[in-house]
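Accompanying notes for the structure given below.
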Amino acid sequence: GMIRKPAAFISSISDERGQELLYAGMRISDVFKEEIGIGGVLSLLWFKRRLPDYACKFIEMVLQLTADHGPAVSGAMNTIITARAGKDLVSSLAAGLLTIGDRFGGALDGAAANFTSALNSGQTPREFVDSMRKANKLIPGIGHKVKSKTNPDLRVELVKDFVKSTFPATATLDYAIGVEAVTSAKKDSLILNVDGAIAAAFCDLLNCSGAFTQEEAAEYLKVGTLNGLFVLGRSIGFIGHFIDQKMLKQPLYRHPSDDFYISFADHSRVVVQPKK
Ligand code: ACO
Ligand code: LMR
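The sequence shown lines up with residues 875 to 1150 when you count with UniProt numbering.
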């Protein structure tokens, strides 16, 4: 019989070779016939399966409420400055995206990992907070520069309300809220932030929707899927900031020099070798 050439790549999310494009086996025409929306498409291309309606709605909610948070956050500023330096859309978007990480917007995977392991090990929220403090580690998903207990982040309230009223179980989100109760009692700004709330809720979705085995759920968290939600959502805003700056014909930006405190290291004690 025919001997198949060994493949150099293996891929399992989409196929364009046939008459019709397939997303995880679903025909593109059915994607529209069944009106699965962007949440349904993301479910197919990220998780290779259809997810329940509430899960697709939650994904769409996440993309909408992470889409932007004003021009002053680190990512938007990078995009704006890059656009004003005359660069193109992709460069300006990439400049913004590169700020996403442990401190800004990219705390989802860390939050999911920490809340999950703390919950599974039976630690109370207080024991978890104390153990992180002892290890001298910031809790991913906790804290905000401008939002606080007295100036709450409405996005987090929207997430909590939606998840509480639609998810079959909310153990991780409840745990994260328990952690917030401990941290915010210490300092008003140590609230459960959007990254933390979305991450905790997504753990509940992976674990309790019935769509994933325990191993699959753990693996999706381990490979770093959740930060993708913020990256994808915020790309909408970064592209918006790029278009805005170009439409407003904003010139090259130079930051005022008097806004820098310049301090050189003291080199007076450095021994300079005499020239031979
Ligand atoms: N866990 C424990 N303690 C914390 C945390 C945390 N996550 N965040 C701040 N603190 C403590 C600090 O140790 C510090 O304590 P000290 O006064 O005893 O020294 C105090 O709170 C203030 O810390 P700052 O770094 O000044 O807090 P800031 O308000 O500048 O930082 C930030 C806000 C960056 C969000 C911070 O809380 C943090 O890194 N959190 C974890 C990462 C995270 O979740 N990022 C996502 C934010 S949401 C988003 O970007 C969309
Ligand atoms: C955001 O969504 O960008 C933020 O929560 C971060 C911020 O400082 O506003």
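Glycine included, each C-beta is placed from N, C-alpha and C at the ideal position.
Query raised in the report: Can we count H1018 as close to ligand 2, meaning its CB is less than 7 Å from some heavy atom?
Result: True, at least one ligand heavy atom lies under 7 Å from that Cβ.
Query raised in the report: ligand 1 heavy atoms versus the CB of G1052: any closer than 7 Å?
Result: At a cut-off of 7 Å, the beta-carbon of G1052 does not count as near ligand 1: no heavy atom of the ligand is closer than that.
Report task. Just confirm the distance between the C-beta atoms of A1074 and T1046, as a whole number of angstroms; I'd bet it's less than 8 Å. Result -> At roughly 4 Å, the Cβ-Cβ gap stays under 8 Å, so A1074 and T1046 are in contact.
Query raised in the report: Can you list, in chain order, the stretches of the alpha helix (DSSP H) that have 4 or more residues and sit fully within the stretch 928–982?
Result: 948–958 and 963–971, all fully within the stretch 928–982.
Query raised in the report: By DSSP, does R891 sit in helix, in strand, or in coil?
Result: Reduced to three states, the DSSP call for R891 is coil.
Report task. Buried or exposed for V936, please, with buried defined as at least 16 other CB atoms from any protein chain shown within 10 angstroms of its CB. Result -> Under this definition V936 is a buried residue.
Query raised in the report: Does the beta carbon of S1015 fall short of 7 Å from some heavy atom of ligand 1?
Result: Here residue 1015 turns out to be Gly, not Ser, going by the sequence shown. Yes, the beta carbon of G1015 sits closer than 7 Å to at least one heavy atom of ligand 1.
Requested in this report: Check whether the Cβ atoms of I1051 and S1022 sit closer than 8 Å, and answer yes or no.
Outcome: Against a cut-off of 8 Å, the Cβ pair of S1022 and I1051 comes out as no contact.
**Report entry** DSSP bridge partner residues for L1066 (one or two, in chain order)
**Finding:** Paired residues: I1016.
Query raised in the report: If you count every other CB in all the chains shown that lies within 10 Å of the CB of Q1088, and 16 or more means buried, which is it?
Result: Classification of Q1088: exposed, given that the 10 Å Cβ count is below 16.
Requested in this report: With A1059 as the anchor, note down where its alpha helix (DSSP H) starts and where it stops.
Outcome: Start and end: A1045 to K1060.
Query raised in the report: Hey, quick one: how far does the alpha helix (DSSP H) through N1025 stretch, first residue to last?
Result: Segment: none, N1025 is in no alpha helix (DSSP H) and carries neither H nor E.
Query raised in the report: By how many angstroms is the C-alpha of Y1049 removed from the C-alpha of Q997?
Result: Rounded to the nearest angstrom, the two C-alpha atoms are 10 Å apart.
**Report entry** Minimum C-alpha distance to V1053 - residue among A986, I1016 and F1076
**Finding:** V1053 has its Cα closest to that of I1016, out of A986, I1016 and F1076.
Report task. Can you have a look at N988 and say buried or exposed, based on whether 16 or more other CB atoms are within 10 angstroms of its CB? Result -> Its Cβ being crowded by 16 or more others within 10 Å, N988 is buried.
Query raised in the report: Is it buried or exposed for F1138, if we count other Cβ within 10 angstroms and need 16 for buried?
Result: F1138 is exposed by the Cβ-count criterion.
**Report entry** Cα-Cα separation, A959 to P1125
**Finding:** Roughly 7 Å separates the two Cα atoms.
Query raised in the report: Run through DSSP, which three-state label would L896 get?
Result: Strand at L896.
Query raised in the report: Hey, is L967 close to ligand 1, as in C-beta under 7 Å from one of its heavy atoms?
Result: Relative to ligand 1, the beta carbon of L967 is positioned no closer than 7 Å to any heavy atom.
Report task. Could you please give me the residues that DSSP links to R1143 through a beta bridge? Result -> DSSP output for R1143 lists no bridge partner at all.
Report task. Take K1019 as the anchor and find which of R977, I877 and F1134 has the nearest alpha-carbon. Result -> When only C-alpha atoms are compared, the closest one is R977.
Query raised in the report: For A950, which residues from the same chain have a beta carbon less than 6 Å from its beta carbon, with the 5 sequence-adjacent residues on both sides left out?
Result: Correct list, in chain order: H1115.
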